[in-house]
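Engineer:
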Amino acid sequence: MSTSVASSESASTSSSGLKPSGLNPSGIGASVLRREDARFITGNGRYTDDIRVEGQVYAVFVRSPYAHAKVTRVDIGDALATPRVIAVLTGADMQADGIGGLPCGWMVKQKDGTDMRSPNHPPLVVDKVNYAGEPVAIVIAETVEAARQGADAVAVDYDELQAIIDLGTATDSSEIHPGISNNLAYEWELGDRAATDAALASAAHVTRLDLTNNRLIPNAIEPRAALGVFDATTGEHTLYTTSQNPHLERLVLSAFVNIAPEHKLRVIAPDVGGGFGSKIFIYSEETAVIWAARRVRRPVKWTADRSESFLADAHGRDHLTHAELGIDASGNFVALKVHTVANLGAYLSTFGSSVPTYLYGTLLAGQYRTPNIHVEVQGVFTNTAPVDAYRGAGRPEATYVVERIVENAARELQQDPAELRRRNMIQPDQFPYQTPVALVYDVGDYEKSLDKALGLIDYDGFSARRKISEAKGHHRGIGLACYIEACGLAPSKLAIALGAGVGLYESGEVRMNPTGSVTVFTGSHSHGQGHETTFAQVVSDKLGVPFDAVEVVHGDTGRVEFGLGTYGSRSLAVGGSALIRASEKIINKGRKIAAHLMEGAEEAVDFSGGRFSLRDSNRSLSIQEVAFAAYVPGNYPDDLEPGLSEKAFYDPQNFTYPAGTHIAEVEIDGETGVVSVVNFVAVDDFGRIINPLIVHGQVHGGVAQGIGQALLEIGLYDSNGQLLTGSMMDYCLPRADDLPDFVVGTTVTHCTHNPLGVKGCGEAGAIGSPAAVMNAVTDALGVDEVSMPATPEKVWRILQGRSPRRMA
Amino acid sequence: MYRFKHHRPTTIDEAQSIFAACDDPSYLSGGMTLIPTMKQRLASPTDLIDLSQVEGLTGITFHSGLVRIGAFTRHAVVANSAEVAKAIPALAYLAAQIGDNQVRNRGTLGGSVANSDPAADYPAAVVGLGATIVTSQRQIAGDTFFQDLFETALEPGELITAIEFPIPEKAVYRKFPNPASRYAVAGVMVARFPRGVRVGVTGAGPCAFRATALENALNQSFNPDALNAVEIPDAGFNSDLHASAEYRAHLVKVLAKRAVQALC
Ligand SMILES: Cc1cc2nc3c(=O)[nH]c(=O)nc-3n(C[C@H](O)[C@H](O)[C@H](O)COP(=O)(O)OP(=O)(O)OC[C@H]3O[C@@H](n4cnc5c(N)ncnc54)[C@H](O)[C@@H]3O)c2cc1C
Chain A
183 MSTSVASSES ASTSSSGLKP SGLNPSGIGA SVLRREDARF ITGNGRYTDD
233 IRVEGQVYAV FVRSPYAHAK VTRVDIGDAL ATPRVIAVLT GADMQADGIG
283 GLPCGWMVKQ KDGTDMRSPN HPPLVVDKVN YAGEPVAIVI AETVEAARQG
333 ADAVAVDYDE LQAIIDLGTA TDSSEIHPGI SNNLAYEWEL GDRAATDAAL
383 ASAAHVTRLD LTNNRLIPNA IEPRAALGVF DATTGEHTLY TTSQNPHLER
433 LVLSAFVNIA PEHKLRVIAP DVGGGFGSKI FIYSEETAVI WAARRVRRPV
483 KWTADRSESF LADAHGRDHL THAELGIDAS GNFVALKVHT VANLGAYLST
533 FGSSVPTYLY GTLLAGQYRT PNIHVEVQGV FTNTAPVDAY RGAGRPEATY
583 VVERIVENAA RELQQDPAEL RRRNMIQPDQ FPYQTPVALV YDVGDYEKSL
633 DKALGLIDYD GFSARRKISE AKGHHRGIGL ACYIEACGLA PSKLAIALGA
683 GVGLYESGEV RMNPTGSVTV FTGSHSHGQG HETTFAQVVS DKLGVPFDAV
733 EVVHGDTGRV EFGLGTYGSR SLAVGGSALI RASEKIINKG RKIAAHLMEG
783 AEEAVDFSGG RFSLRDSNRS LSIQEVAFAA YVPGNYPDDL EPGLSEKAFY
833 DPQNFTYPAG THIAEVEIDG ETGVVSVVNF VAVDDFGRII NPLIVHGQVH
883 GGVAQGIGQA LLEIGLYDSN GQLLTGSMMD YCLPRADDLP DFVVGTTVTH
933 CTHNPLGVKG CGEAGAIGSP AAVMNAVTDA LGVDEVSMPA TPEKVWRILQ
983 GRSPRRMA
Chain B
18 MYRFKHHRPT TIDEAQSIFA ACDDPSYLSG GMTLIPTMKQ RLASPTDLID
68 LSQVEGLTGI TFHSGLVRIG AFTRHAVVAN SAEVAKAIPA LAYLAAQIGD
118 NQVRNRGTLG GSVANSDPAA DYPAAVVGLG ATIVTSQRQI AGDTFFQDLF
168 ETALEPGELI TAIEFPIPEK AVYRKFPNPA SRYAVAGVMV ARFPRGVRVG
218 VTGAGPCAFR ATALENALNQ SFNPDALNAV EIPDAGFNSD LHASAEYRAH
268 LVKVLAKRAV QALC
């Protein structure tokens, strides 16, 4: 059952090759157009900055121009005297109000068994600045202009200190945080060091590689924003903000930062224009805004400008890695040893500690049977913006290490890189597969994706294409990446045992309204993923109700019971599973009501396609009729509560393991060094696919970001800690004309442990593509390594046989 | 952005007298450079003199051997002009390479040339085609107009009213865009006139200049290989995150050869 609109949509998309599998034209497997897009593309989205509350005033932050400095005095006199400025608040005011530091949500145990070292992170600087752009004071005024003028008038005395910027030498430099020696948050390890060393020592061949994973700066279209409202009569605080996880924000602000008890704090994340991870975290500015709203008894709004986003959003990646891969005489991987120095920035951001450890080291088995793996990670403080999860979070870094070194090994052994990988892949009959780095992969068929990708890119035709490029004076290369990721974060017990401060289940509520429409509440948050469409498809399919009769509500702690939000490709696998569980409860209760109404036994009532039918009879009732009976319980079972609304919390039993093969083909201009990605194939196994159109869109976006990392993007600081790439003039995001037409394919093995059989697709594009592109670049150039991004001058210098120029 | 006063004169004289009467005035043309600079608080003029209503600053006209383009003409107008495309296709092409649609629909020829951004495109055409800058006071030869980084021959208050581009036999513009900003890392205009070849270079140095060594080689033999032996010294060239002086010098030669190739 569906509306004509929905069926014409799926007809139009099926002409593009995306066919719905089932009967329901807007159910699972249908390429339904995203229902949220109409409001987004017509400018009718409702973002935080669009929300206006009577009497609202505006905040501007005073930010440190220095990366490392003692603050000896903050004089707010002139600022307070600025016309229309109503308050200037500092870190000292915050402390006096008992507002605590921003916590890191994941306690990593060091290899010696001790806890990681986490410095206090006051939302507003109290006496020392640790990165350029760190907020020192908040100025609140009747207009943004006045607030800005007020901010200019705040006089801060700084005693500049030596900035520690270079990641390679930070552990030998003076302490940033007193008492945290060597600037080390932790030294962490995973795997069997002795066995790995022994296997490497006896390996027939060892490939060694030093890699950098470049710092990236997330750039969601919508910058961060917050509007804090305090109701003095009820004591309720409402924070509208750009969050990927409003409930977590509430939890942290309440339990750790001491803003207000949870029942007096509501966090609303309305339409949010992209996040890529950067809006997971609990930041200084949002915290200061809600606190300030109570102080000044006026609603306070702050919207970051793009320069502030560059300076003060958490950055991503930034690793230095040495890796060694041991291979026996027949080409089997016998050991992988990895040492990584991970830049954590100036403070431990909300999940900053977990990204280069549990989300990275655990993925180093890749798709292979490598029996011995050891990884050691040093998490290092520098005077740079905090580093945390960015699309892929640890898994792109892991894939980059594994897939770059495997590719180089194949070249050293003069083997076909596809065949060396194939030889080492975990076979379908080996699942569940326990890797040497903690994870148990549940299912997969890696060769199937590899073969499909090789076919789609016409791997065999590459040498002919290379000849054509060479005839034009160009260099052509091809590169594979067979990635795996752990998604669907995460089994709570496991995560908590490993140091997580929260569980990682998800909540869902399915509320059948009396007239048969359905309101769905999810703790996941959509900020570009299309949940309002996908989740409606899932529930519409499960309950057999029209797609258009299902509304999805998210992003409001006042409406949704609880939630842990959206990141780590977890929404559908965890949040969607909660909705399935809640829907099952609806069906079970509906079955009782239907049995009563049809005067049959509950066990004899079947449910399918939205109807309850009594076996061996011609009696049946629609779910809408049953819902009506539940709310108007005249003829109703005595032992049953009225109403038809059910909740579920779903805690996954394992991670999900999307995997696939990405292949990039590049052409390099022999005269200028410009790298063009001329072909890109992504074949992914995401398990069951609910909406192919959305999934393909996610892959496209992720691959674009990965190509951006490989060829264009880098966050650079100078030696004083000034951000050199602080605007779009210098930080190069990929644009449509930087990208080829992507060829996207899928293979399917169903996740074995969640009810939908889904795995997650949000990050894969960004995980597989950097390694594929860089393998292609190094193939074209005939070199072992080119650091990302492979910019024109860098490549040109390699073509000249010269060493690269230092960029900063 | 700081507070400023906005003026909207309708004649060139009025614009100039407002300029003379103000504390720290600035002409406002398309605003594509000036407004972002003000937003970032790198400039804080007390008065903006908006040129959008000033008579006589727009229009494309054709005179004996010249294309005359009013200073307030938007990049998009030049890029989309069939007449310009017929007379000097390289000029229409160059205008189409500037920024993006939004920038081309706002930015103007006069603003671009007056600004003398080392990475701007139009200056390559001014120098490469030997254009004349027509101002409220006088005519200035393109060759002497650009003086340094953001410095031109304009006197305070002097207003560009039009630019006259001589029509070459053939010309080609080649640009190596900065991957992030899409401004020119290097841009080269090669033009053939009956009296010889002109090569205008932007992006590489502090301001646009004529590459006389390339011109000499091409005047002897107009083909790409004639440039192989030409040395392009990089002394004084720009060097930044995206390209060293040395790489820019290399690009100038590559672009010049590609332009010549397209002309042969
Ligand atoms: C995102 C972006 C990308 C861009 N990319 C490119 C690019 O690829 N290539 C490129 O060449 N440019 C590029 N630009 C710059 C653009 O071309 C601007 O239009 C140009 O630099 C300035 O022209 P304007 O009309 O906007 O001048 P304005 O910004 O209004 O003025 C610039 C300066 O010139 C002065 N001025 C303006 N008109 C006159 C006049 N008639 N007489 C005397 N002085 C005058 C003003 O007082 C001011 O000082 C880009 C700009 C942006 C924002």
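Heads up: the sequence lines are chains A and B, in that order.
Throughout the first sequence, residue numbering follows the numbering used here, covering 183 to 990 in sequence.
Throughout the second sequence, residue numbering follows the numbering used here, covering 18 to 281 in sequence.
Even glycine gets a Cβ: it sits at the ideal position worked out from N, Cα and C.
Small disclaimer: the values here were computed from a predicted structure and weren't measured.
Indicate the three-state DSSP secondary structure (helix, strand or coil) for residue 838/A in the structure shown.
Structural biologist: Residue 838/A falls in the strand class under three-state DSSP.
Engineer: Between the region 254-270 of chain B and chain D, which residues of the former have CB atoms less than 8 Å from a CB of the latter, in chain order?
Structural biologist: No chain D appears in the structure shown, which is made up of the protein chains A and B.
Engineer: Tell me which residues share the same chain as residue 442/A and place their Cβ nearer than 7 Å to its Cβ, disregarding the 5 neighbours each side in the sequence.
Structural biologist: Correct list, in chain order: 419, 436.
Engineer: Tell me whether residue 137/B counts as near ligand 1, meaning its Cβ is closer than 7 Å to at least one heavy atom of that ligand.
Structural biologist: Residue 137/B: yes, Cβ under 7 Å from ligand 1.
Engineer: On the DSSP bridge assignment, give the partners of residue 288/A in chain order.
Structural biologist: The partner list for residue 288/A (beta bridge, DSSP) reads 682/A.
Engineer: Could you tell me the distance, in whole angstroms, from the CA atom of residue 731/A to the CA atom of residue 715/A?
Structural biologist: Rounded to whole angstroms, residue 731/A to residue 715/A spans 12 Å at the Cα level.
Engineer: Given a threshold of 16 other Cβ atoms within 10 Å of its Cβ, counted over all protein chains shown, does residue 976/A qualify as buried or as exposed?
Structural biologist: By the neighbour-count rule (16 or more Cβ atoms within 10 Å), residue 976/A is buried.
Engineer: What span of residues does the beta strand (DSSP E) with residue 665/A cover, start to end?
Structural biologist: Run containing residue 665/A: 656-666, per the beta strand (DSSP E) assignment.
Engineer: With 8 Å set as the bound, which would you pick, yes or no: does the beta-carbon of residue 282/B sit closer than that to a beta-carbon of chain A?
Structural biologist: In the structure as shown, chain B starts at 18 and stops at 281, and residue 282/B therefore has no counterpart that could be examined.
Engineer: Taking the C-alpha atoms as reference points, what is the distance between residue 326/A and residue 874/A?
Structural biologist: Taking the straight line from one Cα to the other gives about 44 Å.
Engineer: Using a Cβ-Cβ cut-off of 8 Å, state whether residue 357/A counts as contacting chain B.
Structural biologist: Judged by the 8 Å Cβ criterion, residue 357/A is not in contact with chain B.
Engineer: Can you give me the C-alpha to C-alpha distance between residue 408/A and residue 612/A, rounded to a whole angstrom?
Structural biologist: Taking the straight line from one Cα to the other gives about 49 Å.
Engineer: Assess contact between the region 240-249 of chain B and the region 161-169 of chain B, defined as three or more Cβ pairs (one per stretch) separated by less than 8 Å. Is contact present?
Structural biologist: Contact between the region 240-249 of chain B and the region 161-169 of chain B is absent, because fewer than three Cβ pairs lie under 8 Å.
Engineer: Can you tell me whether residue 426/A is buried or exposed? The criterion is at least 16 other CB atoms within 10 Å of its CB, across all chains shown.
Structural biologist: The residue in question, residue 426/A, is buried, as its Cβ has 16 or more Cβ neighbours within 10 Å.
Engineer: Starting from the C-beta of residue 159/B, find all residues in its chain whose C-beta is less than 7 Å away, skip the five residues before and the five after it, and write them out in chain order.
Structural biologist: Result list for residue 159/B: 143, 144, 147, 148, 149, 150, in chain order.
Engineer: Work out the CA separation of residue 439/A and residue 428/A for me, nearest whole Å.
Structural biologist: Their Cα atoms are separated by approximately 15 Å.
Engineer: Given 7 Å as the limit, tell me if residue 123/B has its C-beta closer than that to any heavy atom belonging to ligand 2.
Structural biologist: Summarising the ligand content, the structure contains ligand 1 and does not contain ligand 2.
Engineer: If you compare alpha carbons, which of 805/A, 783/A, 806/A is closest to residue 797/A?
Structural biologist: Answer by Cα proximity: 783/A.
Engineer: Between residue 210/B and chain A, is the shortest Cβ-Cβ distance under 8 Å, so that the two count as touching?
Structural biologist: By this cut-off, residue 210/B is not an interface position.
Engineer: Taking the alpha-carbon positions, what's the residue 863/A to residue 633/A distance?
Structural biologist: Cα to Cα, residue 863/A sits roughly 12 Å from residue 633/A.
Engineer: Using 10 angstroms around the beta-carbon of residue 319/A, count the other beta-carbons present and answer buried if the total reaches 16, otherwise exposed.
Structural biologist: Burial call: buried.
Engineer: Does the beta-carbon of residue 215/A, which I'm using as the reference point, lie nearer than 7 Å to any heavy atom of ligand 1?
Structural biologist: No, since every heavy atom of ligand 1 falls outside the 7 Å radius drawn around the Cβ of residue 215/A.
Engineer: Ligand 1 and residue 922/A: does the residue's C-beta get closer than 7 Å to at least one heavy atom of that ligand?
Structural biologist: No.
Engineer: Below 9 Å between beta carbons is the criterion; list the residues of the region 177-195 of chain B that meet it against any residue of chain A, in chain order.
Structural biologist: Answer set for the region 177-195 of chain B: 193, 195.
Engineer: Rounded to the nearest angstrom, what separates residue 7/B and residue 530/A at their Cα positions?
Structural biologist: A question about residue 7/B goes unanswered here, because the residues of chain B that appear run from 18 up to 281.
Engineer: Does any C-beta atom of chain A lie closer than 8 Å to the C-beta of residue 336/B?
Structural biologist: Any property of residue 336/B remains undetermined from this structure, which presents chain B solely from 18 to 281.
Engineer: So, do the region 809-827 of chain A and the region 634-651 of chain A have three or more beta carbon pairs nearer to each other than 8 Å?
Structural biologist: No, they do not touch.
Engineer: For the candidate residues 964/A, 966/A, 403/A, 939/A, whose alpha-carbon lies nearest to that of residue 211/A?
Structural biologist: The residue with the shortest Cα to Cα distance from residue 211/A is 939/A.
Engineer: May I ask you to verify whether the region 125-136 of chain B touches the region 198-211 of chain B, counting CB pairs closer than 8 Å and requiring at least 3?
Structural biologist: Yes, the region 125-136 of chain B is in contact with the region 198-211 of chain B.
Engineer: Run through the region 446-484 of chain A for me and flag every whole alpha helix (DSSP H) of 4 or more residues, listed as ranges in chain order.
Structural biologist: If we require 4 residues or more, the alpha helix (DSSP H) runs fully inside the region 446-484 of chain A come out as 466-478.
Engineer: Looking at C-alpha atoms only, which residue of 535/A, 525/A, 833/A is the closest neighbour of residue 565/A?
Structural biologist: The shortest Cα separation from residue 565/A among 535/A, 525/A, 833/A belongs to 525/A.
Engineer: On the CB-based measure, 16 or more other CB atoms within 10 Å of its CB, does residue 356/A come out buried or exposed?
Structural biologist: Burial call: exposed.
Engineer: Would you mind telling me which residues of chain B sit closer than 8 Å to residue 669/A, beta carbon to beta carbon, in chain order?
Structural biologist: The contacting residues do not exist; residue 669/A stays about 32 Å from chain B at best.
Engineer: Using DSSP with H/G/I as helix, E/B as strand and the rest coil, what is residue 221/A?
Structural biologist: If DSSP states are grouped into helix, strand and coil, residue 221/A belongs with the helices.
Engineer: Just how far apart, CA to CA, sit residue 463/A and residue 423/A?
Structural biologist: Answer to the nearest angstrom: the Cα atoms are 12 Å apart.
Engineer: Starting from residue 968/A, follow the beta strand (DSSP E) in both directions and report where the run begins and ends.
Structural biologist: First-last for residue 968/A: undefined, no H or E at that position.
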